[in-house]
Amino acid sequence: MSPAIFRDESTIVSFQSPNRARDPAVLIPQEADDADSPFDLQEFNIRMANSQGRREAATMLLKKMYSWRGYSVESPPAAQPNAITLTADTAGKTVGTMTLCFDGEDGLPADATFKPELDSLRAQSRRLCEPSRLAIDKDTPKRVFAALMHISYIYSHKMHLYTDYVIEVNPRHAVFYKRMLGFEDFGPERLCARVDAPAVLLRLECQHMADQINKFGGLFENASKERSFYPFFFSSRDEIGIHHRLKTGQR
Numbered sequence: 015m016s017p018a019i020f021r022d023e024s025t026i027v028s029f030q031s032p033n034r035a036r037d038p039a040v041l042i043p044q045e046a047d048d049a050d051s052p053f054d055l056q057e058f059n060i061r062m063a064n065s066q067g068r069r070e071a072a073t074m075l076l077k078k079m080y081s082w083r084g085y086s087v088e089s090p091p092a093a094q095p096n097a098i099t100l101t102a103d104t105a106g107k108t109v110g111t112m113t114l115c116f117d118g119e120d121g122l123p124a125d126a127t128f129k130p131e132l133d134s135l136r137a138q139s140r141r142l143c144e145p146s147r148l149a150i151d152k153d154t155p156k157r158v159f160a161a162l163m164h165i166s167y168i169y170s171h172k173m174h175l176y177t178d179y180v181i182e183v184n185p186r187h188a189v190f191y192k193r194m195l196g197f198e199d200f201g202p203e204r205l206c207a208r209v210d211a212p213a214v215l216l217r218l219e220c221q222h223m224a225d226q227i228n229k230f231g232g233l234f235e236n237a238s239k240e241r242s243f244y245p246f247f248f249s250s251r252d253e254i255g256i257h258h259r260l261k262t263g264q265r
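Below, the structure is given as structure tokens:
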């Protein structure tokens, strides 16, 4: 089943977050605590990238951030029937992007490197989706990464009943995903041909994400105590509104 597509590029959700300087980030956001320092607020918008122009802006950000780390980036096809791309923008500038791929007849990008591991989950009737092509620009607060992840979770798990996230990451970044989101090791280090770099496979059950969102979502004041990213996710109340917005924005 192909995912339903958001009808236009209207904003799914907008939020404000402190504007602060950051080091460039690729694949992982920086770990400074937004809630700890008083900075001017900046408004961010999360949208579906349904137009060629917005997809090109996302690809430009990917190439900018991945080349900074020496990774190669393939240009995506014009249309991906089993994927959605989310973007984050502020003041007309794209500062974050993530593509979420849904398992189907063509499989997932990670099948090229970790097909036996993914097939073992499929044999258990697990429904898989894969975050990929993730980049966050410099000077971008961590709430942007959290917003992209939370909206992808609402879309995949709440709306389409996918059960597991799987993700290929550079081994250097694996600790971040395990500590900050609860991913677990699921495949050994191998060469990922798409970016010409080593990768490991991680897995996260969507139910774990649901539990953490219910416990910590929207509780920014707990960010200094709870070291995961979940306090920077939206609250359960906000999640209901975003869910409704996604449903009513579909074709």
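If you read the sequence shown in the numbering used here, its first letter stands for residue 15, the second for the next number, and so on.
Ideal Cβ placement from N, Cα and C applies to all residues, glycine included.
- Secondary structure of L233 (DSSP, three-state): coil.
- Taking C-beta separations shorter than 7 Å and ignoring five residues to either side along the sequence, the partners of L75 in its chain run T108, T111, A149 and D151, following chain order.
- Linking G231 to I181 through their CA atoms gives a straight-line distance of about 22 Å.
- Short of 8 Å from the beta carbon of D125, and not among the five residues preceding or following it, lie these beta carbons of its own chain, in chain order: L132.
- Taking 3 residues as the minimum length, the beta strand (DSSP E) runs contained wholly in the segment 135 to 220 are 142 to 150, 178 to 183, 198 to 206 and 211 to 219, in order along the chain.
- V27 has I60 as its beta-bridge partners, per DSSP.
- Selection L162, K129, E144 and P95 evaluated against T101 yields L162 as nearest (Cα-Cα).
- Secondary structure in the segment 86 to 134: the beta strand (DSSP E) runs of 3 residues or longer, each lying completely within the stretch, are 97 to 104 and 107 to 116 in chain order.
- When the Cα atoms are used, G67 and P145 turn out to be separated by approximately 21 Å.
- P245 and H222 have their C-alpha atoms spaced approximately 14 Å apart.
- Leaving aside the five residues that flank D178 on each side, the residues in its chain whose CB is nearer than 8 Å to its CB run, in chain order, L135, R140, R141, L142, C143, R217, L218, E219 and C220.
- The beta carbon of N228 sits closer than 8 Å to the beta carbons of S250 from its chain, once the five residues preceding and following it are set aside; these are given in chain order.
- Residue pairing from DSSP leaves L76 without any beta-bridge partner.
- Sequence-distant Cβ neighbours of A71 in its own chain, meaning closer than 6 Å and more than five residues away, are T108.
- Excluding its 5 nearest sequence neighbours in each direction, F197 has C-beta neighbours in its own chain below 6 Å: Y191, L216 and L218, listed in chain order.
- Short of 7 Å from the beta carbon of Q56, and not among the five residues preceding or following it, lie these beta carbons of its own chain, in chain order: Q30, S31, N33 and T104.
- One alpha carbon belongs to R204, the other to I168, and they sit about 30 Å apart.
- The beta carbon of C115 sits closer than 7 Å to those of N96, A97, L122, P123, C143, E144 and S146, all from its chain and outside the five residues before and after it, given in chain order.
- Between the C-alpha atoms of C206 and V214 there is a straight-line separation of about 9 Å.
- When only Cα atoms are considered, K77 and E240 end up about 33 Å apart.
- Residue L195 holds the alpha-carbon nearest to the alpha-carbon of F243 among A224, L195 and D120.
- Taking C-beta atoms as the reference points, A137 and T99 fail to come closer than 9 Å.
- Taking the Cα of K156 as reference, the smallest distance to any Cα among F234, S170 and D117 is reached at F234.
- In the DSSP annotation of this structure, the continuous segment of the alpha helix (DSSP H) that includes K261 starts and ends at S250 to T262.
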